[in-house]
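Participant:
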Amino acid sequence: MWSIRMRASKSILAEGSGNGEVEEVHISGAEGLWNEEEILKLLEQYLIRALNHSRGKPDKIFFTLEKINEAIIKVPPLPVRTLICNSPEEAKELITNKLLSLGISQRAIEAGLGILLSSTIMRGAALIKSNTGTLSVPDHHRGVRVSRLGIDNETRYRIEKEMSELNVDKRRVIEALTLASKVAHHKDIVAEVCISDDPDYITGYLASKDLGYLRIPNIKRLGEMHGGRVFFINEDSNLKELIYYLEKTPVQIFG
Ligand code: WAQ
Ligand code: MG
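Note that this note's numbering numbers the sequence shown so that position 221 is 350, with each residue one more than the last.
1. Cα-Cα, which of Leu256, Glu219 and Ile156 is closest to asparagine 181?
2. Express the C-alpha separation of asparagine 148 and leucine 343 in angstroms, rounding to a whole number.
3. Please name the residue or residues paired with tyrosine 334 in a DSSP beta bridge.
4. Could you check whether the region 236-250 touches the region 350-370, counting it as contact only if at least three pairs of C-beta atoms, one from each stretch, sit closer than 8 Å?
5. With contact counted as at least three CB pairs below 8 Å, one residue from each stretch, are the region 276-291 and the region 315-326 in contact?
6. Return yes when the C-beta of valine 275 is under 6 Å from any heavy atom of the ligand WAQ, and no when it is not.
7. Return the chain-ordered list of same chain residues with a C-beta closer than 6 Å to the C-beta of glycine 384, the five sequence neighbours on each side being excluded.
8. So threonine 261 is in the alpha helix (DSSP H); what residue range does that whole segment cover?
9. Excluding the 5 residues flanking isoleucine 202 on each side, which residues of the same chain have their C-beta closer than 6 Å to its C-beta?
10. In the DSSP assignment, the beta strand (DSSP E) including arginine 358 goes from what residue to what residue?
11. Could you work out which residue in Ser276, Leu228 and Asn282 is closest to isoleucine 257 when comparing CA atoms only?
12. If we call anything under 7 Å between Cβ atoms a contact, is isoleucine 133 one with leucine 169?
13. Could you say which of Ser183, Ala200, Met135 and Phe361 lies nearest to lysine 189 if we only look at CA atoms?
14. For the ligand MG, is there any heavy atom lying closer than 6 Å to the beta carbon of aspartate 327?
15. Could you check the C-alpha separation between glycine 161 and isoleucine 303 for me, to the nearest Å?
16. Given a threshold of 16 other Cβ atoms within 10 Å of its Cβ, counted over all protein chains shown, does serine 230 qualify as buried or as exposed?
17. Using only the alpha-carbon positions, how far apart do serine 138 and lysine 186 sit?
18. Going by the C-beta, is tyrosine 374 closer than 6 Å to any heavy atom of the ligand WAQ?
19. My output table needs one value for lysine 203: the three-state DSSP class, helix, strand or coil.
20. DSSP three-state call for alanine 309: helix, strand or coil?
21. Taking all protein chains shown into account, decide if threonine 284 is buried (16 or more other Cβ within 10 angstroms of its Cβ) or exposed.
22. Work out the CA separation of glycine 333 and threonine 225 for me, nearest whole Å.
23. By alpha-carbon positions, which one of Ala179, Leu246 and Leu212 ends up nearest to glutamate 353?
24. If I measure Cβ to Cβ from arginine 271 and keep anything under 6 Å in the same chain, skipping five residues before and after, which residues do I get?
Structure representation (structure tokens):
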């Protein structure tokens, strides 16, 4: 199979810089594992997505295609459930209670929510230690980008069918579920919380191996630009091994 990645950004004048310093802001990214005969179709899809994004028009789009030669690990999809939630305030309370129930400290929860609500967007995820709340990523601007992940076609069709009576953006939910299932499978991941950074998408989720994939409507308000992903990790995680798994180990959601 092939790993296809897309990343789109635009350059803006850095805030407060009088001397024309430019800064790259993240617009959109996507990644998947595909068969060779699917590559062209996916490049087109990712390109259309990059050029028509609610975060703005990019002025740079990168594609990376890599042939995967290693064995691909199969991981089952997390079960999906939609919670009842009517406002970002309710979402915050709900997320805090669920994370506390998983043994994550108040301090770590506050650190995580701070990142998700900040107007500075990371292109990847923040890793936060579940007890001390320490941010543990090599590059604070970039974060850790989960890559080399895909979903088996039969599994995708089945889940799409199960969602067909819900009024949801199927492609988006499947992509998020694929990522959350790969992430939750690792023994050092305690939980993930995600808010889309797209101003027109206001359903987020909390995921963990035990709780499954819990969709949270109204996690933010329409028009808001903040968002991100936070992975709460075991305090004694082997960071090098964990980051290698997230970025490099090929995983296909199957079952
Ligand atoms: N690895 C790590 N972090 C990522 C990745 C990745 N591959 N892709 C996105 N992120 C981070 C990054 O900080 C983005 O700013 C943030 O997540 C949000 O990305 O069931 O659309 O692609 O209805 O905007 C959830 C679906 C959709 C909920 C999430 O995220 C549902 C979404 P977005
Ligand atoms: Mg986005």
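Virtual Cβ for every residue (Gly too), placed ideally from N, Cα, C.
Facilitator: For this structure:
1. Ile156
2. 46 Å
3. According to DSSP, tyrosine 334 bridges with Cys323 and Arg344.
4. yes
5. no
6. yes
7. Pro205
8. It is not in any alpha helix (DSSP H) - threonine 261 carries neither H nor E in the DSSP assignment.
9. Val380
10. That run of the beta strand (DSSP E) goes 357-362.
11. Leu228
12. no
13. Nearest Cα to lysine 189 within the set Ser183, Ala200, Met135 and Phe361: Met135.
14. Yes, the beta carbon of aspartate 327 sits closer than 6 Å to at least one heavy atom of the ligand MG.
15. 11 Å
16. exposed
17. 8 Å
18. no
19. strand
20. helix
21. With 16 or more Cβ atoms within 10 Å of its Cβ, threonine 284 is classed as buried.
22. Near 14 Å, if we compare the C-alpha coordinates of glycine 333 and threonine 225.
23. Leu246
24. Arg252 and Gly253
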